[in-house]
Structures are given as C-alpha cells and as structure tokens.
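In the working numbering, the protein residues as written are 19 to 457.
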Ligand code: HOZ
C-alpha cells in the first residue's frame, strides 16, 4: 500500500474539468459528482483497483463511495473483469433474450424470496419508475407515499423532498415537474408511523403504494427504528396499498438478501440496482407474481428497454452476486468488522477532538453526521454542520481518502478494504478534525 498523499498536485484534473465544462452542465454527467457542497474541484479518476482510486495526476485515494455502492468486491475484481471480457467477445448487445438473464434472475430470486418474478432494466431510476406504474395499475389508485430525504432516482413523481443530490443542493424538488404530478406524491417524515396513519386517513382508498429505502442512504445513513418496517407492512396490507422496498443501495449490501433479510420484512415489490450489475448499468424491479404478470406482453402495463438484460451487464452481475452468494459466510462478517473499525475509529477521533459527531451505521454503509443529536429522519440530518463536513471532506481528500462529497450520502466500503486502509483513514481523520476546528 502506498503512503497517503499530502498537498496533491491536481493540474491535470483541473484541465480535464475545464474541458468537461464545455460539454456537460457543471462539467458532470450526474450532479453529485460536482463537489459543489464541499468546495474544491473533483479529481478525475483514471483507474481503480481493490480499495484504491487513482486520479489523472497519479494521486491515489482510499475509496469510500465505491461508485455509490456497486463495488462491494473492490474495483477491477478479477472474476468480474474476466466475465465482462468473455461476454464482450461474443458482442456487447443483441436486443434479444439470452440464457444469462435467467441465470442472474435465479441468483436474485434465491437471495430475495420476496421477488417471485422480475424485470431487468438499466438503472435504479427505471426500476422505481416502473414499480410505481405497476403499483398504480394493480391498485387503480394514484397517490404514492415516499419519505423525506429518501431518493428513488430522478423520475418526476419521486423528486419531491428527495435526498441525494436534491438534498445536497438544497432544492425542494425539481423544476420541470408538473404540479399535478408532484401533488400525487406525499412526502412524510421517515420513522414516523403516526404520519403514515394520518396520510391514509386523509386519503381513504386513494394511496397506491409506499416506497421507501428500508435503510436510508440518500439523506446520509439512517436506520429504521425497531418495529417501523413491520408497522409499514401492516398498514399497507390493511389499506390495500403496496409496499415497495427500494433496495437499490441496500440490496446485497446490508446482507446478501438486503434489508428484507436483515429485518425480516416482506414487500410486494422490490427494486434493486448498483451491486446487482457488478458496476455495469443494471436495475431490477420484481415482486409478487400476481403483480409482475400485469406487465406487457402478459398484461396491460407497458415497460421496455433495448439494453434491458444486456449480456455484458448480466455477466458482471452473475460474477458479483454469484461470488457474494458463494462466499457470504466470509464476506459479510468481514465487511461488518472492517466497517465497524473505521467508522468507530473516526468517530472516536472526533470525540477526542471535541467535535460533536453522530455515527449511523448499518453494516458496510454509514454516515458521520456533524451534529450532536440522534439522526432518525431528514430534519435531523439537515441540522448537521455542512460547512464543517466540507472542511473534513477537503482535508480527507487531500490526505488521500475519498469520501462521498456530501453530508447527505452514505459511505460504502468493500471487501478489498483491510487493516492498513482502516489505520490510514483513522490517522487522516485525526488531521482532518484539526482542519475542522481551525475553521
Ligand atoms: N444514489 C446515488 C447517490 N446517492 C446516485 C448517484 C448519482 O446520482 O450520480
């Protein structure tokens, strides 16, 4: 392992950013990459291996965002690289069915018993958008409940009080979403069952579904309170609404069977993304057979995609999920131990420095909130000192530790992270907290 960098030269990254700004709004193809909330310009990445990223100037960083979740086995994991190479030799796309789609589907349904049938799509956004359409068709109702700070991709109806980049940029939703569509989304506080009961009472027979991140990742990491998920399941079942578990972040992450397995939850529909594609663009929506069979060509709900079930993406997904399934007994305990060591190690450094910090962690996803109080919903998260987080982030980056560039995102760690990375990260945090205090 190379030593951590200090005062890195980022000349080439700066030049690449200027060039990118000629072509892309903000110089990026997704807003969260722009580092607007933490200041400074984002380094351009040239390659990555295991737990380490290398930028265009040759600086190396320990990676704590893992492509926003997918890289649970580390970057350029040899079985995944080989699977993609093998598939590519047979062509990148056919737009027709292949055996690999059912191979990956079999792995997915084994890990997620709630998914009896599924469709592959190319992103989490497509997965949640399609699940909502299906829920509306299945119930004949229009209103959707989501939770403040949860992010379910950028479909019109799901941007209301969304997390991730929407929270990072401090905007309430998105321009361009017709009010008539936004009004069909009720955004409620997370971890608050009375608010859900009140919404059903106010809209009898009109709510099609509740969609939620069973562990929130997009307001920073927030765990469900004990009994919260079971109560949501009971309310939706009683009211004839569907429960949609958006496990794009948590699927194969908080356990092999995601949050559903971790918390013993059943859902009508489930969405997956990120890890299920092993780093290639894959999303999944699936669930109870009776609902899924409403999709065309069997039923009246239309949904389609040229690149859905793409053979390269299926190959990467099979290699990743297959490895996780075969090695779950070693991988998940190791992820838990490493994550605990680094998350708590950094929190202890904050305590020594006298900096109020709240650590929320579920397995290998966590957030250090720069606030003293418990964080159980978006309003709590929003009380964080984002300027202090920005100073922390910049110092960590300059020392070679790449954190997600927002207080309202979760850290992700992979199986390639080990003791050396943990020790280097905790040491960097000790210095970074000095920068936080210096103001
Ligand atoms: N869910 C990811 C971040 N919270 C999305 C990444 C992106 O928006 O680029």
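From the three backbone atoms N, C-alpha and C, an ideal C-beta is built for every residue, glycine too.
Residue 427: CB within 7 Å of a non-hydrogen atom of the ligand HOZ: For the purposes of this step, residue 427 is taken as the residue at position 409 of the chain shown. True, at least one ligand heavy atom lies under 7 Å from that Cβ.
Enclosing alpha helix (DSSP H) for residue 373 [first to last residue]: By 1-based counting over the chain shown, the position of residue 373 is 355. From DSSP, residue 373 is part of no alpha helix (DSSP H); its letter is neither H nor E.
beta-carbon residue 169 near the ligand HOZ non-hydrogen atom, thresh 7 Å: Here residue 169 refers to the residue found at position 151 when the chain shown is read from its first residue. Flag set: Cβ of residue 169 near the ligand HOZ.
Bridge-paired residues (DSSP) for residue 135: Within the chain shown, residue 135 is the residue found at index 117, counting from 1. Answer by DSSP bridge pairing, in chain order: 305.
Nonlocal neighbours in the same chain, by C-beta distance under 6 Å from residue 222, ignoring five residues either side: As a position in the chain shown, residue 222 is number 204, starting the count at 1. Correct list: empty, nothing qualifies.
Distance cut-off 7 Å: residue 111 Cβ against heavy atoms of the ligand HOZ: On the chain shown, position 93 is the one that residue 111 refers to. Result no, Cβ not under 7 Å from the ligand HOZ.
Closest residue to residue 127 among 351, 340 and 170 (Cα-Cα distance): What you label residue 127 is simply residue 109 of the chain shown in a count that begins at 1. Nearest option by C-alpha distance: 340.
Runs of alpha helix (DSSP H) lying entirely within the region 260-303, each at least 4 residues, in chain order: 276-281
Cβ-based burial, residue 19 [other Cβ within 10 Å; buried from 16]: In the chain shown, residue 19 corresponds to position 1, counting from 1. Per-residue confidence for residue 19 stands at a pLDDT of 43, beneath the threshold of 50, marking its modelled position as unreliable; no derived number is given.
One or two residues paired with residue 161 in a DSSP bridge: For this step, residue 161 is matched to residue 143 along the chain shown. For residue 161, which the question treats as bridged, DSSP gives the partners 225.
Residue 33, buried or exposed, once every other Cβ within 10 Å from all chains shown has been counted against 16: As a working note, residue 33 is residue 15 in the chain shown. Under this definition residue 33 is an exposed residue.
Closer than 7 Å: residue 384 CB and nearest the ligand MN heavy atom: You won't find the ligand MN in this model; what it holds is the ligand HOZ.
For residue 395, the nearest candidate out of 230, 300 and 115 (CA to CA): Translated into the one-based positions of the chain shown, residue 395 becomes position 377. When each option's Cα is compared against that of residue 395, the closest is 230.
Closest Cα partner of residue 75 within the set 27, 47 and 178: Here residue 75 refers to the residue found at position 57 of the chain shown. Of the candidates 27, 47 and 178, the one whose C-alpha sits nearest the C-alpha of residue 75 is 27.
Reduced DSSP secondary structure (H/G/I, E/B, other) of residue 73: Along the chain shown, read from residue 1 onward, the residue named residue 73 stands at position 55. Residue 73: strand per DSSP, three-state reduction.
Cβ-heavy atom distance, residue 182 to the ligand HOZ, below 7 Å: Position 164 of the chain shown, counting from 1, holds the residue named residue 182. Because some heavy atom of the ligand HOZ lies under 7 Å away, the Cβ of residue 182 counts as near it: yes.
Residue 96 to residue 254 span [Cα, whole Å]: Position 78 of the chain shown holds residue 96. Position 236 of the chain shown holds residue 254. So the two alpha carbons sit approximately 43 Å from each other.
Exposure of residue 359, with buried meaning 16 or more beta-carbon neighbours within 10 Å: Start at 1 with the first residue of the chain shown, and residue 359 comes out as number 341. Answer is buried; the Cβ neighbour count reaches 16.
Cβ distance (whole Å) where residue 384 is taken to contact residue 83 below 8 Å: Walking along the chain shown from the start, residue 384 turns up at place 366. Walking along the chain shown from the start, residue 83 turns up at place 65. At roughly 12 Å, the Cβ-Cβ gap does not stay under 8 Å, so residue 384 and residue 83 are not in contact.
Euclidean distance between Cα positions of residue 281 and residue 247: Here residue 281 refers to the residue found at position 263 when the chain shown is read from its first residue. Here residue 247 refers to the residue found at position 229 when the chain shown is read from its first residue. Taking the straight line from one Cα to the other gives about 8 Å.
Collapsed DSSP secondary structure at residue 230 in the structure displayed: What you label residue 230 is simply residue 212 of the chain shown in a count that begins at 1. Of the three classes helix, strand and coil, the one that applies to residue 230 here is strand, per DSSP.
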